[in-house]
Amino acid sequence: MAYYRRVGDVPPKRHTQHPGDDGRLYYEELMGEEGFSSDSSLLYHRNIPSAIVDSGVWEPPNQDTVPNHPLRPRHLKLHDLFPEGGAAGTDAVTGRRLVLGNADVRISYVVAGAQSPLYRNAVGDEIVYVESGEATVETVFGTLRATAGDYVLIPTSTTHRWLPAGDGPLRAYAIEAGSHIAPPRRYLSRYGQLLENAPFCERDLHGPDEVLLAEGTDVEVLVKHRGSRGIVGTRMVYPHHPFDVVGWDGCLYPFTFSIHDYEPITGRIHQPPPAHQVFEGHNFVVCNFVPRKVDYHPLSIPVPYYHSNVDSDEIMFYCGGDYEARKGSGIGQGSVSVHPGGHAHGPQPGAYERSVGVEFFDELAVMVDTFRPLELGEGALACEDDNYAWTWAGKGPRK
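The opening residue of the sequence shown carries number 1 in my numbering; numbering runs sequentially from there.
So, in structure tokens, the structure goes:
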């Protein structure tokens, strides 16, 4: 994200001496993508950022998956994964339950009431959608405030932790990439500025405003990283708190973006899913479906036409409003629909006809389209509605 930001105390010129009030030099750390060839930031630490005093094995939440075979559409009821009132001791990192995943992206869900450990994902960027509740996200760059409807984008290898706030638990839908996540390239100038035709702009992105300067010794950080056979974890212990940054500047940092600040693109006839795109990673995209005026051609059919995702799996997380196309399917708040490549899908029976003449959709959903098949995590297997695949036909499988 080529949008420059400066926070705290930095020297006039990069890679030069930066002494504190006591005359000791601060330690400069370059955090950059693609081996010095893409976006980066420079952070100035009170202590050596690479110093550790211990390293041990940490077992991340279950990352095992099984194929969607035999192939069929699925309905996952994520709210069933965390019984009411059962989140008090769960945190937003170690409490995640893997729903879907492949080598490019993993989707998890969590309901959290407890503070998370310090955590760093060294596999790829994370974008966490807050379905409900509030949280403070403390990072090495500073603090973010997140509320319902916010995406929290955390770049690869950013040390951070989640602190739920407010009265209720934090409900979060985590999209973990095996790559970096950025706005769609078609919405960016050749220098990285969001264009006039983009559905959001830099004013909608909210990064940290001040540094944290936490103190502590023998501080544990959980690190998720790649192993020879998949995702593994390490518990690192630092002699000094990693939130010892006195200042930083650059174009790489965590930020929040509210789905309510996304300006939908509409037309006389039905707009295809790319019109709703908000982010992209390697081999996947993220789209928003928000309250909007719908198609205004006199003969339009506002709900989606039936379509075959010949190159992708389509994953829709229903997080608000009334999703017209899915009425009668059992899908509601907290549901995920899995529509795999190789199978045509579209509105439920009756929705096609009911939508004629409708002028406005009051719906809120986050969609992830992947370009390699997704497999089912333990969370999906624990909350599937077995009747969904047959709802278009109105009857179950042959016995």
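For glycine and all other residues, C-beta sits at the position ideal for the given N, C-alpha and C.
Taking Cβ to Cβ, would you say residue i is nearer than 7 angstroms to residue j?
i           : j           : result
residue 75  : residue 385 : yes
residue 400 : residue 294 : Absent from the structure is residue 400, since the part of the chain shown begins at 1 and ends at 399.
residue 249 : residue 6   : yes
residue 383 : residue 77  : yes
residue 358 : residue 286 : no
residue 96  : residue 133 : no
residue 342 : residue 313 : no
residue 378 : residue 102 : no
residue 355 : residue 278 : no
residue 125 : residue 177 : yes
residue 202 : residue 3   : yes
residue 127 : residue 153 : yes
residue 297 : residue 268 : yes
Can you check which of these residues, the options, is closest to residue i by C-alpha distance?
i           : options               : result
residue 192 : 311, 49 and 39        : 39
residue 261 : 317, 148, 112 and 304 : 148
residue 225 : 346, 66, 156 and 273  : 156
residue 336 : 389, 311 and 221      : 389
residue 376 : 108, 217 and 364      : 108
residue 129 : 72, 268, 334 and 345  : 334
residue 365 : 264, 297, 378 and 117 : 264
residue 168 : 348, 186, 131 and 277 : 131
residue 13  : 28, 23, 24 and 173    : 28
residue 51  : 98, 217, 135 and 111  : 217
residue 161 : 117, 247, 121 and 89  : 117
residue 345 : 392, 214 and 255      : 392
residue 301 : 353, 339, 331 and 284 : 353
residue 223 : 54, 257 and 143       : 54
For residue i, which of helix, strand or coil comes out of DSSP?
i           : result
residue 253 : coil
residue 375 : strand
residue 307 : strand
residue 322 : coil
residue 164 : strand
What residue range is occupied by the uninterrupted alpha helix (DSSP H) comprising residue i?
i           : result
residue 381 : 378 to 382
residue 352 : 351 to 354
For the beta strand (DSSP E) containing residue i, list its first residue and its last residue.
i           : result
residue 389 : Unbroken run through residue 389: none, as it is neither H nor E.
residue 131 : 126 to 132
residue 339 : 335 to 339
residue 154 : 150 to 154
residue 146 : 142 to 147
residue 74  : 74 to 77
At a cut-off of 6 angstroms, would you count residue i as near the ligand GDP, judging by its Cβ distance to the nearest heavy atom?
i           : result
residue 346 : Absence of the ligand GDP from the depicted structure is noted, as is the absence of any ligand whatsoever, leaving it without description.
- Task: Scan the segment 173 to 235 and note each continuous beta strand (DSSP E) run of 3 residues or more that stays entirely inside, going in chain order.
- Result: The DSSP assignment places complete beta strand (DSSP E) segments of no fewer than 3 residues inside the segment 173 to 235 at 219 to 227, in order along the chain.
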